[in-house]
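These protein sequence lines are chains Z and A, in that order.
So that you can map any letter, position 234 of the first sequence is 714 in the working numbering, and since no number is skipped, the others follow by simple counting.
So that you can map any letter, position 3 of the second sequence is 91 in the working numbering, and since no number is skipped, the others follow by simple counting.
Every residue, glycine too, gets a C-beta built ideally from N, C-alpha and C.
Notes follow the structure.
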Amino acid sequence: MIKLKFYFFTIIFSFFVGISFCQDQGSFTGGFQSSANFFMRDSLIGAFNIPQYDSELFGTQAWLDLGYTQNGFDIGIRFDMFNNSNLLNPNASYTDQGIGRWHIEKRLEKLQIRVGHIYDQIGSGIIYRAFEERALLIDNALYGGRLIYALSDETELKVFAGRQRALFSAYEPTIRGFNLETYVNLTKQEEGSTLFTLAPGIGLVNRTLTQNIVDEIGAAIRDYRDEDQFKLYRNTISVSAYNTMSLGPITWFAEAAYKSPESFFNQFIDRELITGGFVRGTWVREAGSVLYSSLSYAKSGLGITLEGKRTENFDFRADPQLSLLNGLVNFIPPMNRNNTYRLTARYSPATQTLSEQALQLDLKYRWNKKLSTLVNLSYIDGLDGTRLYRELFTEVMYKYKRQWQVKTGIQYQNYNQEIYEVKPGVPIVETIIPYVDFLYKFNRKQSLRIESQYMMIGEDEKAGFKQDYGEWFFILFEYAVAPHWSFVVSDMYNTSAGKNTPVDESGEKALLHYPRFDIYYTHKANRFSFSYIKQVEGIVCNGGICRLEPAFSGFNFTVNSSF
Amino acid sequence: MKFKILFFALVFSTFWSCSEIPTMPPERTITTNRRVILIEDLTGVRCSNCASAQKLIEEQVALSNGRIVVLGIHGIALANPLPDSKYDFRYEDAQALELSYDLVGKPSATFNRVSEGGFTVVEPNANFWQPFIDAELEKPQVAEIEVTSDFSLEDRTTTIEVEVKALSNLDGPIDVHVAIAESHLIDPQDSDIIGAIDDDFEHNHVLKEFLTDIKGNQLAADGMTADETLTASFTYVVPAPNNGEWTPENMEIITFITSRDLDGEVLHANQIHLAE
Chain Z
481 MIKLKFYFFT
491 IIFSFFVGIS
501 FCQDQGSFTG
511 GFQSSANFFM
521 RDSLIGAFNI
531 PQYDSELFGT
541 QAWLDLGYTQ
551 NGFDIGIRFD
561 MFNNSNLLNP
571 NASYTDQGIG
581 RWHIEKRLEK
591 LQIRVGHIYD
601 QIGSGIIYRA
611 FEERALLIDN
621 ALYGGRLIYA
631 LSDETELKVF
641 AGRQRALFSA
651 YEPTIRGFNL
661 ETYVNLTKQE
671 EGSTLFTLAP
681 GIGLVNRTLT
691 QNIVDEIGAA
701 IRDYRDEDQF
711 KLYRNTISVS
721 AYNTMSLGPI
731 TWFAEAAYKS
741 PESFFNQFID
751 RELITGGFVR
761 GTWVREAGSV
771 LYSSLSYAKS
781 GLGITLEGKR
791 TENFDFRADP
801 QLSLLNGLVN
811 FIPPMNRNNT
821 YRLTARYSPA
831 TQTLSEQALQ
841 LDLKYRWNKK
851 LSTLVNLSYI
861 DGLDGTRLYR
871 ELFTEVMYKY
881 KRQWQVKTGI
891 QYQNYNQEIY
901 EVKPGVPIVE
911 TIIPYVDFLY
921 KFNRKQSLRI
931 ESQYMMIGED
941 EKAGFKQDYG
951 EWFFILFEYA
961 VAPHWSFVVS
971 DMYNTSAGKN
981 TPVDESGEKA
991 LLHYPRFDIY
1001 YTHKANRFSF
1011 SYIKQVEGIV
1021 CNGGICRLEP
1031 AFSGFNFTVN
1041 SSF
Chain A
89 MKFKILFFAL
99 VFSTFWSCSE
109 IPTMPPERTI
119 TTNRRVILIE
129 DLTGVRCSNC
139 ASAQKLIEEQ
149 VALSNGRIVV
159 LGIHGIALAN
169 PLPDSKYDFR
179 YEDAQALELS
189 YDLVGKPSAT
199 FNRVSEGGFT
209 VVEPNANFWQ
219 PFIDAELEKP
229 QVAEIEVTSD
239 FSLEDRTTTI
249 EVEVKALSNL
259 DGPIDVHVAI
269 AESHLIDPQD
279 SDIIGAIDDD
289 FEHNHVLKEF
299 LTDIKGNQLA
309 ADGMTADETL
319 TASFTYVVPA
329 PNNGEWTPEN
339 MEIITFITSR
349 DLDGEVLHAN
359 QIHLAE
């Protein structure tokens, strides 16, 4: 197998070299990204008992992308390296390296052929999305083949088949799909007519498990009570229909998806044991559905977006025995705002795949060149009415000429930590966070940004403390000297103890500072950073996909370069 | 164009026309295999999902008819006592054992310390443990272990005699491990079952200490031939009772043998009460 890979990539490399000498010169591109951590043990904040802190002391991960296009050919390859990395599992160490992905694509008039690793999605991604998110080490590319055929200038048909990438190999189950999209322009041919278009599409994805996986699930339910057992099938089919309608300033997207009954593990249902008693979580076999719609209006400085979603039993993975961020076949859109400030982003709701109903309203208005305002409302419940998340976010931005600008506002949140962070019995976290972000430009090259937030949090009466880690104060100073340098100093201070605030040697709650110092240097297409970080445990989210991160203490060095 | 759309609609519809023959869950089988396996349950009183994991293990123990022996390793992670805890289960040997494993989270378990690439496989997520349990129970019995405990209440001392008989040739160095555990300890446990702290949770098979080295004591340097019998003796003094802990009638002696050629895999296990 190794010999086969060696010969294959030798051929690819030779191809690169060969075509570079052709008369018609192609286009060669690349990118390099690396992050290295130097771990410093700090048992007080929980940064210990992990191999990197106890013995390895250093961990890194790097990605090198190379691409070449010529004469309708597009070839790409990426080398991945993980060295004592904590990216795969924040509580363990991972080391491996190799070809992370490769592809060869050729366009032939109406037909596009691609083999290798394929990133794609159907509709909004509800039934299928293959994408990469390095911060969470999600890379679920399809390892196989794809054909895209232009039935007409407006209509495109896509078919694909393969297996889902799993680091340097692939999951055993097979995935195949079909997607048909078209574009219809219904705008009247008269001058001044309002733009009116439709972009409908349908999609289907079929996943086939191996018999081995089916047998493992069968073994898992073997000791269930007879009434809790079910038949096991290898195939699951997901279908969706969607449409984007554009009518002047109005855009309306709607998608409906259905998944045929499949076996999956539901961690929110109790199961009675045949020996008596109950446990939390059980294998079930159920069909799933998602309804999602987004309606927006944008004109004359006013922007309104209203989204609604209903999700039931739509956890779709390459193997239903996988959990957390592993083996995701699809992507269900999040229903909360992507907050960027340290404290406003601390409690971010992960998209629930089994039971969720949600609404989100986003209102923006630009009063004039200087003043704009924003209000965002997010409302997420379980299908049984369990309150999951509430958010009211407001922002007022004022710009004074080109000299300074200020953003300020307040965020109010209700966050069901019991569901989102699997912490049974904890109360719903309630926070109020005022914030301010001030940017001052001394001249064309130098600027100073000051950002600050304060988190007020509710009481955990049972614990006798504030909820979770208690209250926080955050402040950041960023001094930038264009075009190359940026210096950042920040501190997150636990002002008032919470239930989870660490306890020091004397047995008292330790109100700690979590400082961070960063230096950024940018030169053309290269960006370097060096940071000292002390970070409290929290969650990292991107697009509604989240994972718990333990506390971090140490130095970090990153490089990002494109060529 | 219409023909193309009709063609692909026909292809699309074939997905719906196919029917599949399902697989039925296997029947529970009664086996004459007397191999006894060891499950090390990496747990902790602050690990809410560990409550369900312990119940699942107890169910498997009950269904196995004595073929599963359990050690509850409270160790370090999520094991620090709750505010109302009477006991602290973070014993030295439990901590050392937990640190020797590549733990990704709790609950996790080892099944006969089966290893991959020289490292003991530690499986998280109790709801996916069944295949590992089944795989170990299906392996043939290769040894017998007889253990006796002569406990004296007067001095709270027991003399433990271990007799290991190989049923087939066992290659390479064989190590014997003897552990002391205690069950029926009622103490708070964060519980996913009730969604709160369960103040009356029954903790079973809590590892107190090893009478042998953590890695075991060498029993046979060059393996054992079929029908060969080897013995080992140990003495243990049960600490004075403390708040319901160290009750001899609730204490257990867990004995198992491992093969160094198989990277420490458990060949057979045994459990008896310390005081009958």
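> Using the C-alpha atoms, what's the distance from N571/Z back to L1028/Z?
Replying inline: As a first step, residue 1028/Z must be located in the first sequence, where it is residue number 548. As a first step, residue 571/Z must be located in the first sequence, where it is residue number 91. When rounded, the distance between both Cα atoms is 10 Å.
> For the candidate residues A641/Z, E742/Z and G603/Z, whose alpha-carbon lies nearest to that of G683/Z?
Replying inline: In the first sequence, the residue the question calls residue 683/Z occupies position 203. Selected option, being the one with the closest Cα: G603/Z.
>> With three or more C-beta pairs closer than 8 Å as the rule, is the segment 177-197 of chain A touching the segment 157-166 of chain A?
In response: yes
> Hey, how far is the Cα of T724/Z from the Cα of A734/Z?
Replying inline: Position 244 of the first sequence, counting from 1, holds the residue named residue 724/Z. Position 254 of the first sequence, counting from 1, holds the residue named residue 734/Z. Approximately 7 Å, taken between the alpha carbons.
> Between which two residues does the beta strand (DSSP E) containing F658/Z stretch?
Replying inline: Numbered from its first residue, the first sequence carries residue 658/Z at position 178. Run containing F658/Z: S649 to E661, per the beta strand (DSSP E) assignment.
>> Just to confirm my understanding: we take R609/Z, look at its own chain, exclude 5 residues before and 5 after, and list those with CB closer than 6 Å. What are they?
In response: Numbered from its first residue, the first sequence carries residue 609/Z at position 129. These residues qualify, in order along the chain: Q601, N810 and F811.
>> Please report whether the beta-carbon of P219/A lies at a distance below 9 Å from any beta-carbon of chain Z.
In response: For this step, residue 219/A is matched to residue 131 along the second sequence. It does: the Cβ of P219/A has a partner Cβ on chain Z nearer than 9 Å.
>> Does the segment 228-242 of chain A come into contact with the segment 763-775 of chain Z, if we say contact requires no fewer than three beta-carbon pairs (one atom in each stretch) closer than 8 Å?
In response: no
> Quick one: Cα of A650/Z to Cα of K946/Z, how far?
Replying inline: Residue mapping note: residue 650/Z aligns to position 170 of the first sequence, counting from 1. Residue mapping note: residue 946/Z aligns to position 466 of the first sequence, counting from 1. Computed Cα separation, rounded: 45 Å.
>> Tell me whether the segment 275-283 of chain A and the segment 131-143 of chain A touch, counting them as touching only if at least three CB pairs, one residue from each stretch, are closer than 8 Å.
In response: yes
> How far does the alpha helix (DSSP H) with N137/A in it reach, from first residue to last?
Replying inline: Position 49 of the second sequence holds residue 137/A. Here the alpha helix (DSSP H) through N137/A covers N137 to S152.
> Beta-carbon of N213/A versus every beta-carbon of chain Z: anything under 9 Å?
Replying inline: Reading the second sequence from its first residue, position 125 is the one you call residue 213/A. N213/A counts as touching chain Z.
> Alpha carbon to alpha carbon, how far is F177/A from N168/A?
Replying inline: Walking along the second sequence from the start, residue 177/A turns up at place 89. Walking along the second sequence from the start, residue 168/A turns up at place 80. One C-alpha to the other measures close to 8 Å.
> Quick one, which of T853/Z, N793/Z and G580/Z has its alpha-carbon nearest G781/Z's?
Replying inline: For the purposes of this step, residue 781/Z is taken as residue 301 along the first sequence, with counting starting at 1. Checked all of T853/Z, N793/Z and G580/Z; the closest Cα to G781/Z is T853/Z.
> At which residues does the alpha helix (DSSP H) containing Q883/Z begin and terminate?
Replying inline: One-based indexing of the first sequence puts residue 883/Z at position 403. Counting along the chain, Q883/Z falls outside any alpha helix (DSSP H), and DSSP gives it neither H nor E.
> In chain Z, which residues lie less than 8 Å from K143/A when you measure between Cβ atoms?
Replying inline: Here residue 143/A is taken as the residue at index 55 of the second sequence, counted from 1. Neighbours of K143/A on chain Z, chain order: L753, G757, F758 and V759.
> Of all the options A357/A, K303/A and L258/A, which has the alpha carbon lying nearest to the alpha carbon of G311/A?
Replying inline: If you number the second sequence from 1, residue 311/A lands on position 223. With distances taken between Cα atoms, G311/A lies closest to L258/A.
> Taking the DSSP output, what are the residues bridged to K946/Z?
Replying inline: By 1-based counting over the first sequence, the position of residue 946/Z is 466. BP columns for K946/Z point to E939/Z and G978/Z.
> Are there 16 or more other CB atoms within 10 angstroms of the CB of Y179/A, so buried, or fewer, so exposed?
Replying inline: By 1-based counting over the second sequence, the position of residue 179/A is 91. Counting Cβ neighbours within 10 Å, Y179/A comes out buried, since at least 16 surround it.
>> Is there a C-beta anywhere in chain A that falls below 9 Å from the one on S932/Z?
In response: Position 452 of the first sequence, counted from the start, is the residue given in the question as residue 932/Z. Cβ-Cβ to chain A under 9 Å: no for S932/Z.
>> Please return the same chain residues whose Cβ sits closer than 8 Å to the Cβ of G807/Z, not counting the five positions on each side in sequence.
In response: For the purposes of this step, residue 807/Z is identified with residue 327 of the first sequence, where counting begins at 1. Excluding sequence neighbours, G807/Z sits near N620, Q644, A646, Y651, R797, A798 and D799.
>> Against chain Z, does I281/A count as a neighbour if the rule is that its beta carbon must be under 9 Å from one of theirs?
In response: Numbered from 1 along the second sequence, position 193 holds the residue referred to as residue 281/A. Closer than 9 Å to some Cβ of chain Z, the Cβ of I281/A qualifies, so yes.
> In its own chain, which residues sit with a C-beta less than 6 Å from the C-beta of Y722/Z, not counting the 5 before and 5 after it?
Replying inline: One-based indexing of the first sequence puts residue 722/Z at position 242. Excluding sequence neighbours, Y722/Z sits near G603, G681 and E735.
> To the nearest angstrom, how far is it from the Cα of D238/A to the Cα of E836/Z?
Replying inline: Taking the second sequence and counting its residues from 1, one reaches residue 238/A at position 150. Taking the first sequence and counting its residues from 1, one reaches residue 836/Z at position 356. Each residue's alpha carbon lies about 60 Å from the other.
>> Between the alpha carbons of A641/Z and S196/A, how many angstroms are there, rounded?
In response: Position 161 of the first sequence, counted from the first residue, corresponds to residue 641/Z. Position 108 of the second sequence, counted from the first residue, corresponds to residue 196/A. Distance between the alpha carbons of A641/Z and S196/A: 35 Å.
>> Between which two residues does the alpha helix (DSSP H) holding E985/Z run?
In response: Indexing the first sequence from 1 puts residue 985/Z at position 505. From DSSP, E985/Z is part of no alpha helix (DSSP H); its letter is neither H nor E.
> Which value, in whole angstroms, describes the spacing of the CA atoms of Y629/Z and E636/Z?
Replying inline: The residue you call residue 629/Z lines up with position 149 of the first sequence. The residue you call residue 636/Z lines up with position 156 of the first sequence. Near 6 Å, if we compare the C-alpha coordinates of E636/Z and Y629/Z.
> Less than 9 Å separating the beta-carbons of Y994/Z and V1016/Z?
Replying inline: Your numbering for residue 994/Z matches position 514 in the first sequence. Your numbering for residue 1016/Z matches position 536 in the first sequence. In this structure, V1016/Z lies closer than 9 Å to Y994/Z by Cβ.
> Using a C-beta to C-beta distance shorter than 9 Å, which residues of chain Z count as neighbours of D190/A?
Replying inline: Mapped onto the second sequence, residue 190/A falls at position 102. Residues of chain Z whose Cβ lies closer than 9 Å to the Cβ of D190/A are, in chain order, P531, A572 and S573.
> Is DSSP giving A328/A helix, strand or coil here?
Replying inline: Within the second sequence, residue 328/A is the residue found at index 240, counting from 1. In the structure shown, A328/A sits in coil (DSSP, three-state: anything other than H, G, I, E or B).
>> Using a Cβ-Cβ distance cut-off of 9 Å, determine whether E128/A contacts chain Z.
In response: Translated into positions along the second sequence, residue 128/A becomes position 40. Not closer than 9 Å to any Cβ of chain Z, the Cβ of E128/A fails to qualify, so no.
> For the segment 892-900 of chain Z against the segment 924-934 of chain Z, are there 3 or more C-beta pairs whose distance is under 8 Å?
Replying inline: no
>> Could you check whether L144/A and V902/Z sit closer than 9 Å to each other, using their CB atoms as the reference points?
In response: Translated into the one-based positions of the first sequence, residue 902/Z becomes position 422. Translated into the one-based positions of the second sequence, residue 144/A becomes position 56. Cβ distance not < 9 Å, so V902/Z and L144/A don't count as in contact.
> Can the beta-carbon of I365/A be found less than 9 Å from the beta-carbon of V250/A?
Replying inline: Chain A is shown from 89 up to 364; residue 365/A falls before or after that span and cannot be answered.
> F745/Z touches chain A at which residues, Cβ-Cβ below 9 Å?
Replying inline: Against the first sequence, residue 745/Z aligns to sequence position 265. Chain A residues near F745/Z: N213, N215 and F216.
> I125/A: which of Q142/A, N153/A, V325/A and D349/A sits nearest, CA to CA?
Replying inline: Residue mapping note: residue 125/A aligns to position 37 of the second sequence, counting from 1. Looking at the Cα atoms, N153/A is the closest of the given residues.
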